[in-house]
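In the numbering used here, the protein residues as written are 114 to 1346.
Quick look at the structure:
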């Protein structure tokens, strides 16, 4: 299907016999032409004529056409479309087609459409105008086969469709009727047996390079250029980041000899320490351990490295430990730290430790998976870890945590750029290049197949061979496109990844053996080759293949960018934006949803079914029996200081904390955590409250008040007393205001200098606001009922109610006759016909005295100003407003283009059964522009993330506290924020849909149809309600954030103490207050306006309580009872009850102050921390003394207590000296000296 461009041949589009259009059908192959007309008014019919290569002419004297068809309303399809078709046999000999279209008159529709066997043309010489818009779609299609000379031919192939076109000779063209010819596919009928084929592999359409080069300017294709530039800049930034972190990773590698190793020790162990990846898992404290085996145990040994940081988050640290002899099979390791790190750097999360005997190459696992922290879990910083057996090493949780971490940090390409294991030879730079190769190839294939995928999805409804699974429709084309895109994007990236992974690096001697040689340079370090297991042979490429891999990556990226830009230029900027949206959606869903789910599932599968404790890739990267070389970019950083043989290990100095020190450290750390928690909570909530205020206040238009103030003055006309809307008290005054003030303001009249306003059609007389459609006046009436006492009058008119509303239709003058001798206009007749709320699109309205339905008797202010005044005068004469009238609504919608505000105006005149009239008005400004700035959009998005964050927190608290959650005042505030926020989201979507409907209606009709904004006003008010309460609850929550302030704490404690007493006394106060409310209402209901209703009486009593009431009204109502009631109320309520409230609060305040918990340490702690950070507070003398004492206690050892250790060290030194001398003698004997 190919859409065709159509050129109008009319110089003046109106007042002609036909509306002509020109189509160019020049083509080497014949095509069929399809016409589709979608009328806006489905009751209209059309006459369609055409002629090839010249303009068709049709009137009473000329009949120069090649074909015609008549479209009647009864011929409409299910899609409300008229379809015309000219097949390829008719168009094969022509170069162009001109067709004409005109609208049928009502007489022609009745004459020609009622007879289905018509053969004559509806010919007329009268000019016409289109009374309604229509949409026209024209496309071509064709059927061809490939002959023996590989040329496409249309011979013997006919395109079929539903409809047909009549020839001028009044006989039908005999075409096959095929049900499958549409926008997306063509059904062909053949008269010969040629070979047909259907393709499963769908190829993209070729690129029109001439068009690309001719339209490659930046301004016309900003989206595709900015997309490519942005992605390329991100690629460069990530490459810089990756290279920087690759260098940092090199510093983390290597094997560190323990600082307390002895030169005379001849047995070596490699120790691998795995630190977890949890938040604050790394430590800066000094870590020490004791390793115990069946033969012996070590002294206290210390992990340290003066050249680099160790035990960082997610790090793997390797150490070489020397001992005098083999420790045998290990039993346990006792490990601890001294908690000397600052803040969160004191705690440590240890995953596990692997110790390898470098003589036997045997590995021993010590599994921890626990915190060494005073504030976490059980608060211990010293643990004993036993050697893990095979069952423990195959434990599901242990294997799952290792496998998940390994998969996320290594297998997920995008995540691994940031979490790549330092020991892995697949560097971050290489991973970054592979990621962008995958990204650019995916973008290329997506944009190349974008048109085909859209067509395949759109043709699902018409596919006969599609597979339907519920709402899903799958076609072979979609499957083929999906397979091609996945394969072509996956295979290159997969090959590049494997290429990078299998490239060997330039190597030197291994860090382990360099360390061993540096420790024992004169002793040959032997390896037991018998214990080396046979490994799987892996194909490796030489190191120089790295340049080939990078070249291939850059070439693939460059080629992808070239074709992406070319196809984007072909698409155009608007279509490219749609493509970019689909690409970004698929990209982020793949990274954040699809791949993490795949990783988790694969980790669970391998952990559950393939728990091989010997296959640990994370460990094997450090423990490689065959790796004896050092990478080219690595250096030796450790050297051994040759100390005296008498220097023994200092590991006997155990920096352990006793119970008191551990408790003090825990208390101090908990205060630190609480301090940071308060600071974090404060700033998070301050940001959240700022977002709420920005969203809420941006929803209020600045010009709203000015617009409403202007319209009130304009319509109320309060300067002229005789036309003042607010002073209407009789029916005649109401008519006077309508006829002389309101209706004159509905039309733009002459300027002050007498000139006629131009381009002011539809504007009201202020020349600033335009009426959308027209204004309506709606009346609600009541039924006549018999009076209960008929001695005076038989018919009574009661107050209005929804059940007492009159819903019958009448003749003018409220006559029940079916016909009348006088003729009235349609607007007058309609004013006496009842119209339901569904037809009017109106809703229930709450007035000052009653609640009114949405139906009624409607008069529409349509036409010229003189006609409006004449109709109002006629309605006045006919008594349209009478004693049964209970409400008159005047509703109109205004649009002010200067401030882009819609205003819903509602005038309500309530006619009470007492005879009085109460006029009210409501002006509701609305702004249909949802996001007026980027800041508002960004704040809304951030606000949604905050709501999700708070919901997660509150759900966790609810499960933790259960029913006690609802007993906390803070919880109720949080629930109020969440409920109002979610409600505002729902109402916001509702308002958006309503505004979208109104905007679409306004666009389709250009504002020439009545649009009722009543529902939009209600929805907007509901949104304002939710946003207002969000701000209210958010501001109240600040009381909880300042709970550590002494004044705020005292205030909340006072309320807590006084809560029960206040509730109890409030019940008594309510009884007293209700008694006075009844008294004042019953005594003065007919004498004082403030007592005319219970609500207004309650308002008056509250004003009296605040001593803000003028007692002269009560004295004027009754000189004795008025002052008496007033004095009694003041005495009992103001002097007694309010004093009791104050007494309860004073007593509770005293109790709260006496029993206040001195919990202000956190504030002083925070203040001291702040002063220390900004160097404004020096340590006191006592603090300095305490620090010195603690340092001395940590380093001081009593001489008597250390005497046995000193003797042991002396004997050990003598033994080592003897062993060293024996070794030297043995070496001299072998040398023949």
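Note that CB positions come from ideal geometry on N, CA and C, so glycine has one too.
Determine the direct distance from the alpha carbon of residue 370 to that of residue 398, and round the result to whole angstroms.
Taking the straight line from one Cα to the other gives about 19 Å.
With distances taken Cα to Cα, identify the nearest neighbour of residue 972 among 1179, 821, 891 and 921.
891
Could you say which of 456, 221, 146 and 264 lies nearest to residue 207 if we only look at CA atoms?
146
Alpha-carbon to alpha-carbon, residue 860 and residue 821
19 Å
Just to confirm, is the Cβ distance from residue 1097 to residue 1060 under 7 Å?
no
Which residues mark the beginning and the end of the beta strand (DSSP E) in which residue 400 is found?
400-406
In chain order, which continuous runs of the beta strand (DSSP E) of length 3 or greater are located wholly inside the region 959-993?
If you keep only unbroken beta strand (DSSP E) runs of at least 3 residues inside the region 959-993, you get 969-974.
Could you check how far apart the C-beta atoms of residue 1354 and residue 968 are, in whole angstroms? I think they sit under 8 Å.
Coverage of the chain is limited to positions 114 through 1346, which leaves residue 1354 absent and any answer about it impossible.
Measuring straight from C-alpha to C-alpha, what distance separates residue 1031 and residue 844?
11 Å
Quick check: what's the CA-CA separation for residue 1342 versus residue 1336?
10 Å
Relative to the alpha-carbon of residue 559, which residue among 693, 427, 983 and 1199 has its alpha-carbon at the smallest distance?
693
Within 7 Å, strictly: CB atoms of residue 1104 and residue 1132:
Yes, the pair counts as a contact, with Cβ atoms nearer than the cut-off.
So, helix, strand or coil for residue 420, using DSSP?
DSSP places residue 420 outside both helix and strand once states are collapsed to three, so it counts as coil.
Check whether the region 331-340 and the region 375-383 touch, using three or more Cβ-Cβ pairs below 8 Å as the test.
no
Bounding residues of the alpha helix (DSSP H) (the contiguous stretch that carries residue 540):
Careful: residue 540 lies outside any alpha helix (DSSP H) and carries neither H nor E.
How about the region 1162-1173 and the region 821-830: do they share at least three Cβ pairs that are nearer than 8 Å?
These segments do not touch.
Out of 1038, 695 and 388, state which residue places its alpha-carbon closest to the alpha-carbon of residue 1013.
1038
At which residues does the beta strand (DSSP E) containing residue 435 begin and terminate?
429-436
Residue of 963, 676 and 1256 minimising C-alpha distance to residue 329:
The candidate whose alpha carbon is nearest that of residue 329 is 676.
Backbone CA spacing between residue 987 and residue 940 [nearest angstrom]:
11 Å
Out of 442, 505, 503 and 1224, which one is the CA nearest neighbour of residue 474?
Among 442, 505, 503 and 1224, the Cα nearest to that of residue 474 is on 442.
Note down the Cα distance separating residue 951 from residue 960, rounded to an integer number of angstroms.
Going from the Cα of residue 951 to the Cα of residue 960 covers about 20 Å.
Within a Cβ cutoff of 6 Å, which residues of the same chain sit near residue 1135, ignoring the five residues on either side of it in sequence?
Within its own chain, the residues whose Cβ lies closer than 6 Å to the Cβ of residue 1135, once the five positions on either side in sequence are excluded, are 1100, listed in chain order.
Which class does residue 152 belong to by DSSP, given the choice of helix, strand or coil?
Looking at residue 152 - three-state DSSP - the assignment turns out to be strand.
Comparing C-alpha positions only, which one of 403, 682, 659 and 550 sits nearest to residue 110?
This structure cannot speak to residue 110, because the chain is shown only from 114 to 1346.
Going by C-alpha to C-alpha distance, which of 1185, 154, 184 and 979 sits closest to residue 234?
184
How far does the beta strand (DSSP E) with residue 1079 in it extend, from its first residue to its last?
Run containing residue 1079: none; DSSP gives neither H nor E here.
Local conformation of residue 296 per DSSP, three classes:
coil
Nearest residue (CA-CA) to residue 1019, options 1126, 894, 254 and 785
1126
Excluding five sequence neighbours on each side, which residues of the same chain lie with their C-beta closer than 8 Å to the C-beta of residue 1034?
In chain order, 825, 828, 829, 838, 1018, 1019, 1020 and 1021 place their CB closer than 8 Å to the CB of residue 1034, counting only its own chain and leaving out the 5 sequence neighbours on each side.
Quick test of your reading: residue 1230 and residue 1197, contact by CB under 8 Å. State the CB separation rounded to the nearest angstrom.
5 Å
Helix, strand or coil at residue 880 [DSSP, three-state]:
coil
For residue 422 and residue 455, I'd like the C-alpha separation in whole angstroms.
15 Å
Give the single residue among 1088, 352, 1242 and 778 whose Cα lies nearest to the Cα of residue 1071.
Ranking the options by Cα distance to residue 1071, first place goes to 1088.
If I follow the unbroken alpha helix (DSSP H) through residue 1127, where does it start and stop?
1127-1149
Note the first and the last residue of the continuous alpha helix (DSSP H) segment covering residue 1060.
1047-1074
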